[in-house]
Amino acid sequence: MLQHAIPPARFFSQTPNEIIRHPRLNGTAVRLLQWALSLPEGSRETVQSLGEKMPEGRLAVRKARRQLEEEGYLHTRRSQDPETGQWSTQVLVSNVALTAPDEIAAAFGPSDQDPPVGGGTGQAVGAYPLGENTEENTPNQPAPSGELESGAANFLARLGDRTPALRLGAGEVERLAPLAARWLESGATEADLRQALTADLPYPVRSPAALVSYRLEARTPAITAPRKRVEALAECGECRDPLPRGVHTGICRRCAGLVPAPAEPTPVSFNGIALVRAALSGVCHEAIGRSDRWASSVKNAR
């Protein structure tokens with residue numbers, strides 16, 4: 005294969021070959037990652053705004069983002085300002101796959117900081133934090149109750165028992181518990197949460213915490229509709245037949261004499277078969293008699 009490439013003098017980005025040749029990243033994912041890594045310092049672009057500029061379409065960009073998260077090139081962190089109570093979401097893109105929790109934490113920087121969208125965080129070499137402004141500068145939403153958050157943490161801690169690919173560490177459970185608690189607060193059950201987190205898992209799962217975080221934030225709680233309770237019918241005190249719906253005690257209309265008793269069925273005569281046989285026998289005898297008379301007349305004619 006021949007190549008003709010002129011190195012650009014400026015406005016260029018270096019992309020590792022492992023990204024370009026990655027066997028599990030499609031072209032849209034590679035392009036989205038390269039675009040995000042090429043942004044200048046202080047850019048206020050978001051993953052969503054970049055996706056709107058790409059011709060591949062919203063669904064393709066959403067799939068590309070999932071691939072980048074699963075392979076460790078894109079991570080999300082939510083933080084709350086201790087003074088104002090405002091929540092903000094940061095998205096970190098990296099030109100190297102980050103899978104270990106300590107690597108991801110180091111790339112994001114100290115968790116007690118709340119930098120502006122797109123601002124620097126003293127990231128590791130090769131990583132560039134890309135701010136996601138979905139909830140930046142919005143009024144603080146009421147936090148879930150402690151009981152809900154505790155239940156969500158217990159659920160996340162048990163998640164890996166049935167789905168080993170989503171086994172989370174203690175720190176990850178603590179970080180993701182508020183997101184899961186909001187699902188429970190909205191009326192979702194643990195079964196709804198498990199379905200949302202474990203359905204259609206990729207293989208292999210490179211970063212369980214990143215995948216769980218993305219699904220808890222990006223998906224709408226699919227609340228299971230409660231089953232309509234069917235009231236059991238009461239029974240008649242005399243014949244034990246069901247009473248009309250809404251009547252809980254007493255006897256039915258028939259036992260009260262308000263409904264005439266059904267007419268007795270007409271007895272079935274078992275002599276019908278015998279009558280049929282007799283009729284058929286008479287017909288046969290008559291036919292035989294006619295045949296004998298015809299034969300006798302023919303004989304006399306001869």
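The sequence shown runs 5 to 306 under the numbering used here. C-beta atoms are modelled at their ideal positions from N, C-alpha and C, and glycine is treated no differently.
- Message: On the DSSP bridge list, what partners appear for residue 39?
- Response: Beta-bridge pairing links residue 39 to no other residue.
Can you tell me whether residue 5 is buried or exposed? The criterion is at least 16 other CB atoms within 10 Å of its CB, across all chains shown. With fewer than 16 Cβ atoms within 10 Å of its Cβ, residue 5 is classed as exposed.
Query raised in the report: Out of 26, 91, 38 and 47, which has the shortest C-alpha to C-alpha gap to residue 75?
Result: For residue 75, the closest C-alpha among the options 26, 91, 38 and 47 is that of 26.
Would you please state the rounded distance, in angstroms, between the beta carbons of residue 262 and residue 201? I believe it to be under 8 Å. So it is not a contact: roughly 59 Å between Cβ atoms.
- Query: Taking the DSSP output, what are the residues bridged to residue 81?
  - Reply: Paired residues: 94.
Residue 79: buried (16+ other C-beta within 10 angstroms of its C-beta) or exposed?
-> Residue 79 is buried by the Cβ-count criterion.
Separation of residue 113 from residue 94, as counted between CA atoms: Rounded to the nearest angstrom, the two C-alpha atoms are 11 Å apart.
When you compare only the Cα positions, how much space is there between residue 245 and residue 187? The alpha-carbon atoms of residue 245 and residue 187 are separated by roughly 46 Å.
Alpha-carbon to alpha-carbon, residue 183 and residue 218
Each residue's Cα considered, the two are about 10 Å apart.
Fill in: Run of the alpha helix (DSSP H) containing residue 207, from where it starts to where it stops
Following the DSSP letters along the chain, one finds residue 207 in no alpha helix (DSSP H), marked with neither H nor E.
- Put residue 75 into one of helix, strand or coil per three-state DSSP. For residue 75, the three-state secondary structure derived from DSSP is helix.
field: Coil, strand or helix - residue 246 by DSSP
entry: Residue 246 falls in the strand class under three-state DSSP.
Paired residues, beta bridge with residue 239 - DSSP: Looking at the DSSP assignment, residue 239 forms a beta bridge with 246.
### Query
Start and end of the alpha helix (DSSP H) containing residue 163?
Residues 150-166.
Here's the rule: buried if 16 or more other CB atoms are within 10 angstroms of the residue's CB, otherwise exposed. What is residue 137?
Unreliable placement is indicated for residue 137, whose pLDDT of 42 sits below 50; no coordinate value is reported for it.
DSSP-derived helix/strand/coil call for residue 15 | Coil.
Considering just the uninterrupted stretch of the alpha helix (DSSP H) at residue 24, what are its terminal residues? Residue 24 -> alpha helix (DSSP H) spans 21-24.
For residue 36 versus residue 61, is the C-beta distance shorter than 9 Å?
It is not a contact, given that the beta carbons lie outside the stated cut-off.
Subject >> Cβ separation of residue 173 and residue 105, assumed to be a contact under 8 Å, to the nearest whole Å >> reply: Their Cβ separation, rounded to whole angstroms, is 6 Å, which keeps residue 173 and residue 105 in contact under 8 Å.
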